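Top to bottom, those sequences are chains A and B. Going by numbering that gives the first Met the number 0, the first sequence opens with residue 0, and the numbers climb by one from there. Going by numbering that gives the first Met the number 0, the second sequence opens with residue 0, and the numbers climb by one from there. Structure first, commentary second.
2 protein chains.
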Amino acid sequence: MIQLSQDSIIKVQGSVSSPKGFIAKGVHIGLRYAKKDLGLIVSEVPAVSAAVYTQSHFQAAPVKVTKNSFENDSFIKAVLVNSAIANACTGKQGMADAYEMRRLCADQLNVDPEMVAISSTGVIGELLDMDKIRKGINVLSETDPGDGHFEEAILTTDTKIKQTCYEMTIDGKKVTIAGCSKGSGMIHPNMATMLGFVTTDAAVNEQALQKALSEITDVSFNQITVDGETSTNDMVLAMANGCAGNQPLDENHQDWNTFLTGFRMVCEDLAKEIARDGEGATKLIEVRVSGAENKKEANVISKKIVGSDLVKTAVYGTDANWGRIVGAIGHSDAAVSPDSVEIYIGGQCLFKNGEPQSFSEELAKDYLLGDEITISVELNIGDGAGTAWGCDLTYDYVKINASYRT
Amino acid sequence: MIQLSQDSIIKVQGSVSSPKGFIAKGVHIGLRYAKKDLGLIVSEVPAVSAAVYTQSHFQAAPVKVTKNSFENDSFIKAVLVNSAIANACTGKQGMADAYEMRRLCADQLNVDPEMVAISSTGVIGELLDMDKIRKGINVLSETDPGDGHFEEAILTTDTKIKQTCYEMTIDGKKVTIAGCSKGSGMIHPNMATMLGFVTTDAAVNEQALQKALSEITDVSFNQITVDGETSTNDMVLAMANGCAGNQPLDENHQDWNTFLTGFRMVCEDLAKEIARDGEGATKLIEVRVSGAENKKEANVISKKIVGSDLVKTAVYGTDANWGRIVGAIGHSDAAVSPDSVEIYIGGQCLFKNGEPQSFSEELAKDYLLGDEITISVELNIGDGAGTAWGCDLTYDYVKINASYRT
């Protein structure tokens, strides 16, 4: 779908406030014990925006309210996010709280409520402490932007902030695309308990931005899995405020592919950071599948493998147990010809022609001791290729999730 | 599908050798370190038999060979099973070994090879040690039957043998149905690394037995999950040797429902025992879904819930975290009306009308400290009902699977 042209795209130190015309803030308002828990991104001018949302039947109140902000047009000036409480499954009071949260933020910024998106992440089924939210929005308006503050404020069980930034040239202008994300458990397809925020100073056509975000989400955020779960609150939001001064981008623009590639690199970085920071994870696992009947089946199989608890525990145990990869491939609905499958870990071929291949267990173990593991599968059926990311399954995953809420 | 009529069905102490005309044995031949690893069930007369197999793309050699035994007719006199080595993904040599294993057993019993079914379970991708198998089959022929020996010989990471037995009256004759199973990891739909063997002295029509086994498997073995995985070697085999002397059973027989109910009780017991003995498990979790659009969707949702790592860790942590149940329901493809969903744990209602319900956390915690946990979900859409079984996810699951092969 996307032609890569990475020559002119440079990764730089930066954050969602690096693109021109954006600021980002974060404060501690007491929803979490000590860490920042309320964050805000503001564009100095209304930004063409796009969003993708959780596919869960149970969409949280803030998701519904943000959808409402996009009902009339796709311009957004700010996004307000709290962590600790998801405001999901909270009925009418939850909806009222979400609308109030949006309105208070809009009032502070002196814009219509529909110019504000909101997002929440945390425990399901508890009401927001609206006194803290109300005071917090006031505090936020008086607080200076600070590096990493927004990025911290959106975290829950994450162990670190996740951000990335790229620069490129479009119409001879410097364009910056940056992003941050959160998420480390309840992560599977459709962006389970994950949030992603992308800012850019590029000018982008509305429909083109939404289409690009949807397509890129499918091969980045939707290709990560930590535990096969989907949350009620997932959202990825992209804001393009045009401050770079380029001609509005769409598919007919000569630099469209440059933009698209930069956009994808941002989302892929953020997705991989989420997988790497999966609850209890010690390793990032990348699974590349090629030779599938088509791209979709390659994506399905790669995600099946990276989502297998048995593969995940084997990687944690530095055990090149390719039989578990066979197990994961075997029970997918995708087309598979067992005798044509080849499985590689760290460059060594472990399985081919329907039979185990002799390989160095020692080299495989050394490779699996690293913190970035690549598993490659060649199906030899067609030319579909796809990649998925996940992490190992460890004692700490169980520890975190057996004791998270209480 | 099945009308229950349990009045005349009695659970008794017994094993696969309890039905008339069956014997069962198990010996240690050195595939496992110390435990029995080769087992045999023999019927004194050829038994009408039926089987269901793994849905994996990668069917192990013994699965293919057993399918071959059913090609011409459905009569089987014996089933030979080894543990430790799955003989899966072992190419031509694996097929040759499987055929030899079947032939040697048939020779000992003085029957055609097609009268013998074989089955293997254990590590994928390693060849059988055929010297041990050859000697083992001889040893087996000279060994006396013993209580629990077959049941032990089929185990891998299982912590205990799994068996059940029921008696009922058909045509005025006493009929016994018994079974045993193995499986504790790589367990999900389609009977991942699980084996089940059912023996009965009832006379049963061939087609009726296969149909009954397939239907009962769908609501018993196919409704358990330990880790979402499917194996290369799964098989459930039922043998009906007619020694009870009843008129052959089929759907037109007046006692058909009695037989079917007993058969289902055997399979449900065995399935639940597998879930209860899931790798590292401390609790059996039963999830009952009612009010779904149809039976199939109820089965899908119940299995989704019981398969959720987050639900499993919450149960392990005795945390009535119904938000995770919402999460699991939310990302199923089945029809769900969020505001109509009701969630119950141990009789307390936790979620209803789209809102959390007040409940006693203390009572819930007490309940979750037990070793059999029931979660009930009422969808209030239709009249489809279904049940699934699984277990909690614990540190020991990770321990077992991070170190199983090496």
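Note that CB positions come from ideal geometry on N, CA and C, so glycine has one too. Computed from a predicted model, the values in this text were never measured in an experiment.
Could you list the residues in the segment 106 to 140 of chain B with a C-beta less than 7 Å from some C-beta on chain A, going in chain order? Val122, Ile123 and Gly124
Between which two residues does the alpha helix (DSSP H) containing Arg323/A stretch? Trp321 to Gly329
Could you check where the alpha helix (DSSP H) with Gln209/B kicks off and where it finishes? Glu205 to Val218
Cβ contact check for the segment 351 to 364 of chain B and the segment 275 to 288 of chain B: 3 or more pairs under 8 Å: no
Between the segment 204 to 215 of chain B and the segment 16 to 25 of chain B, can you find at least three pairs of beta-carbon atoms closer than 8 Å? no
8 Å contact criterion, which Cys88/A and Gly124/A should meet: CB distance rounded: 5 Å
Would you decide whether Lys159/A is buried or exposed? Buried here means 16 or more other CB atoms lie within 10 Å of its CB. exposed
Could you name the residues of the same chain whose beta carbon sits closer than 6 Å to that of Pro188/A, not counting the 5 residues immediately before and after it, in chain order? The predicted position of Pro188/A is uncertain, since its pLDDT is 31 and thus under 50; no value can be drawn from it.
Beta bridge counterpart(s) of Leu406/A as assigned by DSSP: In the structure as shown, chain A starts at 0 and stops at 405, and residue 406/A therefore has no counterpart that could be examined.
Would you kindly work out how many angstroms separate the C-alpha atoms of Gln107/B and Asn137/B, rounded to a whole number? 8 Å
Close Cβ partners of Phe57/A (< 7 Å) along its chain, the five nearest in sequence each way excluded: Ala87, Cys88 and Thr231
Interface residues of chain B around Val174/A at Cβ under 8 Å? None at all; the shortest Cβ gap to chain B is about 36 Å.
For a contact defined as C-beta to C-beta under 9 Å, what are the partners of Trp321/B on chain A? Cys88, Ile123 and Gly124
May I ask you to report which of helix, strand or coil DSSP gives Ala105/A? helix
Beta-ladder partner(s) of Tyr343/B, from DSSP: Cys348/B and Ser375/B
Can you check which of these residues, Phe258/A, Leu236/A and Met234/A, is closest to Ala243/A by C-alpha distance? Phe258/A
Going by beta carbon distance, what residues of the same chain come within less than 7 Å of Gly381/A, once the five residues before and after it are set aside? Gly290, Ala291, Glu292 and Asn293
Taking just the CA atoms, how far does Tyr52/A sit from Lys66/A? 9 Å
So which residues of chain A does Gln222/B contact, with C-beta pairs closer than 7 Å? Those within 7 Å of Gln222/B in chain A number zero; the least Cβ separation is about 16 Å.
Positions along the segment 29 to 58 of chain A whose CB lies within less than 7 Å of some CB in chain B: Gln54, Ser55, His56 and Phe57
Taking Glu151/B as the reference, give the member of Asp249/B, Val15/B and Glu267/B with the closest Cα. Val15/B
Tell me the DSSP secondary structure of Arg31/B in three-state form. coil
Using a Cβ-Cβ cut-off of 8 Å, state whether Glu296/A counts as contacting chain B. no
At a Cβ threshold of 8 Å, is Glu341/B touching chain A? no
Going by CA-CA distance only, name the one from Val397/A, Ala50/A and Leu392/A that's closest to Thr393/B. Val397/A
Would you say the segment 70 to 90 of chain A touches the segment 33 to 50 of chain A, given that touching needs at least three Cβ pairs under 8 Å? yes
For Leu39/B, which three-state DSSP category applies? strand
Reduced DSSP secondary structure (H/G/I, E/B, other) of Leu283/B: strand
How many angstroms separate the CA atom of Ile284/A from the CA atom of Asn298/A? 15 Å
Would you list, in chain order, the members of the segment 193 to 211 of chain A that have their beta-carbon closer than 8 Å to a beta-carbon of chain B? none
Report the residues of the segment 354 to 366 of chain A with a CB closer than 7 Å to any CB of chain B, ordered along the chain. Glu354 and Pro355
Who are the near neighbours of Ile374/B in its chain, counting only those whose CB is closer than 6 Å to its CB and skipping five residues on each side? Val286 and Ile344
Check whether Ser82/A and Ile153/A have beta carbons under 8 Å apart: yes
Unbroken alpha helix (DSSP H) runs of length 4 or more, entirely within the segment 49 to 136 of chain B: which are they? 60 to 68 and 90 to 108
Thinking C-beta only, is Glu113/B closer than 8 Å to Ser68/B? yes
Rounding to the nearest angstrom, what Cα-Cα distance links Asp143/A and Cys104/A in this structure? 16 Å
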